[in-house]
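Counting in full-length UniProt numbering, the sequence shown runs from 1 upward without gaps.
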Amino acid sequence: MASEHEQEHDHVQEQDQEQQVASGPASVTPGQLLRAAREEKQWTTHQVAAMLRLRVSLVEQLEADNYDKIEPTAYVRGYLRMLCKVLELDEGQLMAAYQQMGFAEVAPAAINMKSFSKRKTRERNDHRLMLISYAVIGVVIAMAVIWWWQDMQAEGLFGGEDADARSTVAVETVTQPAPVVTPQVEETAPPEAAVVDDLFELTEDEPVFEPVVEDAPPADEMIADVIAETTEDTTEEAAAETVRATENPLVDEPLANLHFTFSGECWVKVTDATGREIAIGVKAAGYEMPLTGTPPFDIIVCKPEFVTLIYNDEPVDLSGYRRNRSVSLTLD
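Here you go:
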């Protein structure tokens, strides 16, 4: 009985030894191998990450066997091989431990599918970016067209006012006659009637003597001569008063001088103190316009950067005004 019991015990021990040989030593993970090799070299995770130009968190996740948190997972094998070279580990042993954890070799088709998916995502993002860029360019072009249209409308408005002003000035120049001063002449009895009355009075009051006069002119001729002389005197006096009224105006107001020089095409309007528009219209480049009138002057200039203005031999500074903007100013 004792011998049989001993034989059974020896058989059980042999089976345990065979199982231990078959199973081999306890499995070691890739992270444990990496940590042991790093600590053997007395390196920190920061030093290893700096040598491989990787993130410190990535090295720590590899040592902790947190492969699911590493994206993309297809790069895990590459990271493990890099660490094997730096830490001088057996690459075959490390990759075998990695496969024992259930991570098989990634099929090329899966890698290609992931690459294709990433490429499609990148193309979709690029397409959205292009659409946004086109929208921004379209808005800029639309704003430029609107600005150009408004500028053309403004130029057309100034041009229409200029044409109306020129036609008004032309009509006034043609239709307005020169003023004529008509002197007031007191109403008097016609010379002919006065002479006839005198003749009647002379005939009624005094006796008429008939001296002998040879070749005396008839009475009708004498009356006609008196009427002609009176009419000539009246006409000469009226003409003299007209000349005096023209030479001596009723109000003597001081005049001032303006001189415009245009370096580019510009619309301008000048009005003096009497309300008269002494200049209006579009002036071409190189045109010089001297003016004389009664101050103060109201001046409107479409483009002040093209105008050089001299007022009573003194230059007027227009550099402070904005370009391509209408300017209104008054010169006393």
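For every residue, glycine included, the Cβ atom is placed at its ideal position computed from N, Cα and C.
> Under a three-way DSSP split, which group does Gly-31 fall into?
Replying inline: DSSP places Gly-31 in helix when its eight states are reduced to three.
> At which residues does the alpha helix (DSSP H) containing Leu-58 begin and terminate?
Replying inline: 56-63 is the span of the alpha helix (DSSP H), which, as asked, contains Leu-58.
> Using the C-alpha atoms, what's the distance from Ala-273 back to residue 344?
Replying inline: Missing from the structure shown is residue 344; the chain here goes from 1 to 332 and no further.
> So, Gly-31 versus Asp-68, is the Cβ gap smaller than 8 Å?
Replying inline: no
> How close, in whole Å, do the beta carbons of Met-260 and Phe-306 come, if the pair is a contact with beta carbons under 8 Å?
Replying inline: For the record, residue 260 in the displayed sequence is Phe; it is not Met. Contact doesn't hold; Cβ gap of about 10 Å is too wide.
> Do Met-95 and residue 416 come within 8 Å of each other at the CB atom, strictly closer than that value?
Replying inline: Coverage of the chain is limited to positions 1 through 332, which leaves residue 416 absent and any answer about it impossible.
> residue 339 lies in the alpha helix (DSSP H); which residues open and close that run?
Replying inline: Residue 339 lies beyond the stretch modelled for the chain, which goes from 1 to 332, so this question has no answer here.
>> Quick check on Tyr-98: buried or exposed, where buried means 16 or more other Cβ atoms within 10 Å of its Cβ?
In response: buried
> Going by C-alpha distance, which of Leu-309, Thr-29 and Thr-45 is nearest Leu-330?
Replying inline: Looking at the sequence provided, one finds Thr at residue 330 rather than Leu. Proximity to Thr-330 across Leu-309, Thr-29 and Thr-45 peaks at Leu-309, based on C-alpha coordinates.
>> For the alpha helix (DSSP H) containing Lys-85, name the first residue and the last one.
In response: DSSP places Lys-85 inside the alpha helix (DSSP H), whose first and last residues are 76-87.
>> Beta-carbon within less than 7 Å of Pro-296's beta-carbon, same chain only, minus the 5 sequence neighbours each way: which residues are those?
In response: Ala-273, Thr-330, Leu-331 and Asp-332
>> Between the alpha carbons of Leu-58 and Trp-147, how many angstroms are there, rounded?
In response: If you take the alpha carbons of Leu-58 and Trp-147, they lie about 56 Å apart.
> Hey, how far is the Cα of Glu-63 from the Cα of Arg-35?
Replying inline: 6 Å
> When you compare only the Cα positions, how much space is there between residue 339 and Pro-72?
Replying inline: Lying outside 1 to 332, the shown extent of the chain, residue 339 is not represented and no answer is given.
>> Considering only their Cβ atoms, is the gap separating Thr-271 from Asp-298 smaller than 8 Å?
In response: yes
> At what residues does the beta strand (DSSP E) containing Glu-288 begin and finish?
Replying inline: 288-293
> Grouping DSSP H, G and I as helix and E and B as strand, with all else coil, what is Ile-70?
Replying inline: Looking at Ile-70 - three-state DSSP - the assignment turns out to be coil, as it is neither helix nor strand.
>> Buried or exposed for Gly-92, going by 16 or more other Cβ atoms inside 10 Å?
In response: exposed
> How many angstroms separate the CA atom of Met-143 from the CA atom of Ala-74?
Replying inline: Distance from the CA of Met-143 to the CA of Ala-74, rounded to the nearest whole angstrom, comes to 50 Å.
> What residues in its chain sit with their C-beta under 7 Å from that of Ile-70, if we drop five residues either side in the sequence?
Replying inline: The beta carbon of Ile-70 sits closer than 7 Å to those of Leu-58, Gln-61 and Val-76, all from its chain and outside the five residues before and after it, given in chain order.
> Near Val-316, which residues of its chain fall below 6 Å by C-beta distance, leaving aside the five closest residues on each side in sequence?
Replying inline: Leu-309
> So is Ala-37 buried or exposed if we call it buried at 16+ other beta carbons inside 10 Å?
Replying inline: buried
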